[in-house]
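Per UniProt numbering, residue 1 is the first one in the sequence shown, and the count goes up by one each step.
Some notes on the structure that comes next.
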Amino acid sequence: MQRSKTIPATHTAIDTSHRPAVTGSASITDLTNRLSEYLSPSDLKLVREAYRFSDEMHLGQVRKSGEPYISHPIAVAEICAEWKLDVQAIMAALLHDVMEDQDVKKEELIERFGAPVAALVDGLSKLEKIEFQSHIEAQAENFRKMLLAMARDVRVILVKLADRLHNMRTLGVMSAEKQRRISRETMEVYVPIAHRLGLNNIYRELQDLAFAHIYPMRYRTLAKAVKAARGNRREVVNKIMEAVKSSLSAAGLGAEVYGREKTLYGIYRKMHDKRLSFSQVLDVYGFRVVVDSFPSSYFALGTLHALYKPMPGKFKDYIAIPKSNGYQSLHTTLIGPYGTPVEFQIRTQDMHRVAESGVAAHWLYKNEDNSLTDLQQRTHAWLQSLLDIQKQTGDSAEFLEHVKIDLFPDSVYVFTPKSKIIALPRGATALDFAYNIHTDIGDQAIATRINNDPVPLRTELKNGDIIEIITSPNSHPTPNWLTYVRTGKARSAIRHYLRTISLNESTELGKQLLAQALVAVHLNPELPASLVDKLLNESSAKTLEELHTDIGIGKRMAALVARHILDLVEDDSPSIPFQEFEGEKSSKPEPVMIYGSEGVSVQLAPCCLPIPGDGIIGQLKRDQGLVVHADYCENAKRMQVREPDRWIDVNWGDDLNRRFDCRITAMVSNERGALARIAAEIGESDANISHVSIEDGLANDLTNIHFTIQIEDRTHLARLMRNVKHLNGVKKIWRVHG
Numbered sequence: 001m002q003r004s005k006t007i008p009a010t011h012t013a014i015d016t017s018h019r020p021a022v023t024g025s026a027s028i029t030d031l032t033n034r035l036s037e038y039l040s041p042s043d044l045k046l047v048r049e050a051y052r053f054s055d056e057m058h059l060g061q062v063r064k065s066g067e068p069y070i071s072h073p074i075a076v077a078e079i080c081a082e083w084k085l086d087v088q089a090i091m092a093a094l095l096h097d098v099m100e101d102q103d104v105k106k107e108e109l110i111e112r113f114g115a116p117v118a119a120l121v122d123g124l125s126k127l128e129k130i131e132f133q134s135h136i137e138a139q140a141e142n143f144r145k146m147l148l149a150m151a152r153d154v155r156v157i158l159v160k161l162a163d164r165l166h167n168m169r170t171l172g173v174m175s176a177e178k179q180r181r182i183s184r185e186t187m188e189v190y191v192p193i194a195h196r197l198g199l200n201n202i203y204r205e206l207q208d209l210a211f212a213h214i215y216p217m218r219y220r221t222l223a224k225a226v227k228a229a230r231g232n233r234r235e236v237v238n239k240i241m242e243a244v245k246s247s248l249s250a251a252g253l254g255a256e257v258y259g260r261e262k263t264l265y266g267i268y269r270k271m272h273d274k275r276l277s278f279s280q281v282l283d284v285y286g287f288r289v290v291v292d293s294f295p296s297s298y299f300a301l302g303t304l305h306a307l308y309k310p311m312p313g314k315f316k317d318y319i320a321i322p323k324s325n326g327y328q329s330l331h332t333t334l335i336g337p338y339g340t341p342v343e344f345q346i347r348t349q350d351m352h353r354v355a356e357s358g359v360a361a362h363w364l365y366k367n368e369d370n371s372l373t374d375l376q377q378r379t380h381a382w383l384q385s386l387l388d389i390q391k392q393t394g395d396s397a398e399f400l401e402h403v404k405i406d407l408f409p410d411s412v413y414v415f416t417p418k419s420k421i422i423a424l425p426r427g428a429t430a431l432d433f434a435y436n437i438h439t440d441i442g443d444q445a446i447a448t449r450i451n452n453d454p455v456p457l458r459t460e461l462k463n464g465d466i467i468e469i470i471t472s473p474n475s476h477p478t479p480n481w482l483t484y485v486r487t488g489k490a491r492s493a494i495r496h497y498l499r500t501i502s503l504n505e506s507t508e509l510g511k512q513l514l515a516q517a518l519v520a521v522h523l524n525p526e527l528p529a530s531l532v533d534k535l536l537n538e539s540s541a542k543t544l545e546e547l548h549t550d551i552g553i554g555k556r557m558a559a560l561v562a563r564h565i566l567d568l569v570e571d572d573s574p575s576i577p578f579q580e581f582e583g584e585k586s587s588k589p590e591p592v593m594i595y596g597s598e599g600v601s602v603q604l605a606p607c608c609l610p611i612p613g614d615g616i617i618g619q620l621k622r623d624q625g626l627v628v629h630a631d632y633c634e635n636a637k638r639m640q641v642r643e644p645d646r647w648i649d650v651n652w653g654d655d656l657n658r659r660f661d662c663r664i665t666a667m668v669s670n671e672r673g674a675l676a677r678i679a680a681e682i683g684e685s686d687a688n689i690s691h692v693s694i695e696d697g698l699a700n701d702l703t704n705i706h707f708t709i710q711i712e713d714r715t716h717l718a719r720l721m722r723n724v725k726h727l728n729g730v731k732k733i734w735r736v737h738g
């Protein structure tokens with residue numbers, strides 16, 4: 001919020017010609033005139049009461065621009081009025097800062113204006129002054145509160161976006177550093193939320209405003225270049241416009257046709273991401289065609305394709321398959337006059353309204369599900385997923401991380417076996433799809449079929465894929481799943497499982513790792529109660545068991561905790577009866593023993609798949625516990641350079657009563673029965689085959705057959721490979737290390 005009684009002498013000059021002017025006089029008249037178009041006289045009376053209370057609370061308070069502070073709540077309410085939000089939302093917009101700034105209690109708002117308005121204002125207010133470890137943690141907690149309030153009532157985020165939009169429009173009076181910080185926050189959180197809710201007008205304006213403050217020089221340079229280029233483009237634009245209107249009219253179609261301006265940030269991103277010059281981006285012309293009915297959309301498409309030749313692969317039907325935020329249009333790119341590409345968006349009036357205002361076009365009340373529109377149901381499902389993520393997430397920063405993942409706009413559209421369309425972020429895997437259907441299906445997934453072909457769960461999905469998930473009650477999430485899921489819901493569900501179901505395993509591992517680290521600094525692993533109390537007072541852990549668990553899942557470093565304990569002993573040695581080890585002790589700790597039966601707290605790295613007999617080394621990964629690599633693994637060597645403190649010595653234990661995955665490849669003559677002979681020999685050698693793939697097309701009529709097998713140790717593997725090598729047709733066999 002922009003509150004001050006002083007005005008900075010200088011601030012960054014930014015072109016604001018495209019933004020609404022901010023007047024110095026704050027008046028309720030313009031707002032009530034606008035509201036009278038759709039609110040009843042009794043509702044307007046309530047709005048005036050909210051205004052009078054807000055005005056009284058903010059009396060004497062001014063913004064950094066020197067305006068009375070009440071001008072800000074009025075401006076926010078006016079933006080909400082453009083969306084025709086109801087009386088409760090307008091009142092909340094006028095009151096949105098009274099709890100935070102003037103210490104008005106929620107109970108007082110309930111008494112004056114009712115519980116629904118008070119709940120909206122509470123959701124919009126930042127948390128009371130709590131001591132946070134950092135500004136980032138405080139911001140994350142504020143976003144978490146706001147997003148959860150939004151999940152209960154979407155009006156919270158609509159008012160919040162209006163609040164942020166007005167603050168961004170008037171950000172120029174802030175210091176340059178504050179402009180950049182607020183603009184980055186806007187770009188990272190509020191812009192994607194606006195896009196996710198289909199509020200495209202706000203989405204585009206917030207992007208341009210944030211761009212102007214983060215990169216003011218680039219913004220001004222582009223603005224100047226675009227202004228100069230408009231004159232050069234006018235002739236081509238007019239020629240295309242006349243031809244399109246004439247063709248549609250001749251076909252008997254009533255349609256509105258107008259040019260579509262690219263935003264400055266859109267031009268900048270296209271130049272940056274696709275390495276294009278300014279002239280290359282401006283060489284593409286954009287038009288929008290708005291028709292009066294659904295069939296007319298496709299009729300107009302055919303008319304345009306008859307006028308100009310379509311570019312192959314440049315047609316998208318977002319009417320048949322809408323975007324996740326409800327957006328619907330036909331997109332096509334044609335070769336226009338002079339060989340220039342021309343992009344067209346074709347839609348109906350209703351689609352146009354949703355495309356510009358999204359969920360605010362018919363925003364979500366607390367209705368029964370069967371009375372919700374398709375867009376409202378999709379929005380409701382996404383908001384509900386926020387509540388699901390919250391239930392499974394440990395802290396605010398992690399919650400915000402999960403939500404940000406789901407806010408990225410690029411989507412891929414896939415189908416269930418019953419032809420239901422599911423929208424997932426681009427890059428999502430079959431496992432993400434499983435968790436999207438239901439958490440239990442994700443937790444129990446063992447395999448998947450995509451378009452009837454069996455593929456691994458980590459397979460990335462493509463538009464139009466038909467996904468079938470195969471489950472087993474004996475299947476459970478592993479830490480490795482976190483390396484390839486893409487959605488926040490999947491990530492939070494997996495982490496929740498690893499924290500709760502595998503708690504005992506992680507706690508035991510953490511206890512072992514801390515004991516090892518204490519021995520390394522010559523301290524007794526048995527901590528006296530007085531030292532434990534002192535340690536817990538200085539950490540966020542509530543119990544020693546919780547501290548052990550954090551170490552076991554990689555959230556804390558055992559070596560750093562041990563060093564902290566040593567500091568406590570040295571600082572307070574007279575009052576803590578704590579004995580150091582006597583005699584000379586090696587500073588090198590004993591290695592952690594690996595038996596392969598530790599559960600999900602210890603996993604064998606999939607990049608190298610170590611087996612007993614291999615030299616091994618352990619990596620402590622956050623939320624994944626201990627990951628064991630072979631000591632020759634190239635991935636491990638690279639990661640050791642980046643994070644040397646996260647690596648510990650590990651050894652194989654005795655009496656390993658289990659099988660371990662191992663990859664081998666056999667080069668064979670491409671002849672009938674080769675695979676069957678090798679598979680039979682592997683079985684005869686007392687090993688299991690868990691996966692097979694064949695690589696054709698080698699020289700001299702040879703084929704590589706790749707196996708993942710389950711064996712006991714290196715001795716067992718060597719015996720198996722000798723047996724397979726002696727088979728007819730096998731030219732070569734080797735273990736795959738990477």
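The C-beta atom is built at its ideal place from N, Cα and C for all residues, glycine as well.
Keep in mind it's a predicted model, so treat the numbers as computed, not measured.
A direct Cα-Cα distance of roughly 11 Å separates Leu544 from Asn537. Inclusion of Thr263 and Gln207 in the CB contact set at 9 Å is warranted, their separation being smaller than that value.
If you draw a straight line from the Cα of Leu31 to the Cα of Leu620, it is about 58 Å long. Nearest neighbour of His706 by Cα position, chosen from Val736, Gln328, Ala229, turns out to be Val736. Each residue's CA atom was taken as its position, placing Asp317 and Thr348 some 14 Å apart. Ala423 is bridged by DSSP to Tyr413. Here the alpha carbons of Thr478 and Ile494 stand approximately 8 Å from one another.
Within a 10 Å sphere around the beta-carbon of Ser419 sit fewer than 16 other beta-carbons, which makes this residue exposed. Spatial neighbours of Thr186 in its own chain (CB-CB distance under 7 Å, excluding positions within 5 residues in sequence) are listed in chain order as Arg164, Met168, Leu206, Ala210. By the criterion of a C-beta distance shorter than 7 Å, Asp661 is surrounded in its chain by Leu609, Ser690, Thr708, Gln710, once the five residues flanking it on both sides are discounted.
Less than 9 Å separates the beta-carbon of Tyr203 from that of His195.
Of all alpha-carbon atoms in Ala445, Thr459, Ile467, Glu460, the one lying nearest the alpha-carbon of Asn452 is that of Ile467. Burial state of Glu108 is exposed, judged by a 10 Å Cβ sphere holding fewer than 16 other Cβ atoms. Here Gln179 is buried, its C-beta having at least 16 other C-beta atoms within 10 Å. DSSP places Asn688 inside the beta strand (DSSP E), whose first and last residues are 688 to 695. Taking C-beta separations shorter than 8 Å and ignoring five residues to either side along the sequence, the partners of Leu46 in its chain run Val87, Met91, Phe113, following chain order. Minimum Cα-Cα distance from Pro68 among the listed residues Glu78, Cys80, Ser54 corresponds to Ser54. Our two residues, Gly613 and Trp652, have alpha carbons roughly 8 Å apart in a direct line.
With contact defined as three or more Cβ pairs closer than 8 Å, the segment 440 to 459 and the segment 511 to 524 are not in contact. In this structure, the alpha-carbon of Glu261 lies about 27 Å from that of Ile157. C-alpha of Leu301 to C-alpha of Met311: approximately 13 Å in a straight line. Scanning the segment 20 to 104 from its first residue to its last, the whole alpha helix (DSSP H) runs of 4-plus residues come out as 29 to 35, 41 to 57, 71 to 82, 87 to 95, 98 to 102.
Taken in chain order, the unbroken stretches of alpha helix (DSSP H) that lie wholly in the segment 156 to 217 and span 4 residues or more are 176 to 185, 191 to 196, 200 to 214. At the C-beta level, Gln444 and Ser475 come within 9 Å of one another. The segment 54 to 63 makes no contact with the segment 118 to 127: fewer than 3 CB pairs, one atom from each, lie closer than 8 Å. In this structure, the beta-carbon distance from Val236 to Pro341 does not fall below 9 Å. For Val154, the closest alpha carbon among the candidates Glu546, Pro116, Val412 is that of Pro116. For Pro310, the enclosing beta strand (DSSP E) stretches over residues 309 to 317. The continuous stretches of alpha helix (DSSP H) do not include Asn704, which lies in the beta strand (DSSP E) extending over residues 702 to 711.
Cβ contact annotation for Leu568 (same chain, cutoff 6 Å, sequence separation greater than five): Lys534, in chain order. Across the structure, Asn524 and Ser530 are spaced so that their CA atoms are roughly 14 Å apart. Taking all protein chains in view, the Cβ of Asp97 is crowded by 16 or more other Cβ atoms within 10 Å, so the residue is classified as buried. Secondary structure at Val730: strand, using DSSP grouped into helix, strand and coil. Runs of the alpha helix (DSSP H) lying entirely within the segment 625 to 685 and spanning at least 4 residues, in chain order: 634 to 642, 674 to 684. When Phe278, Lys84, Arg233, Ala306 are compared, the shortest CA-CA separation from Leu222 is found for Phe278.
Per DSSP, reduced to three states, the secondary structure at Thr543 is coil, with no helix or strand assignment.
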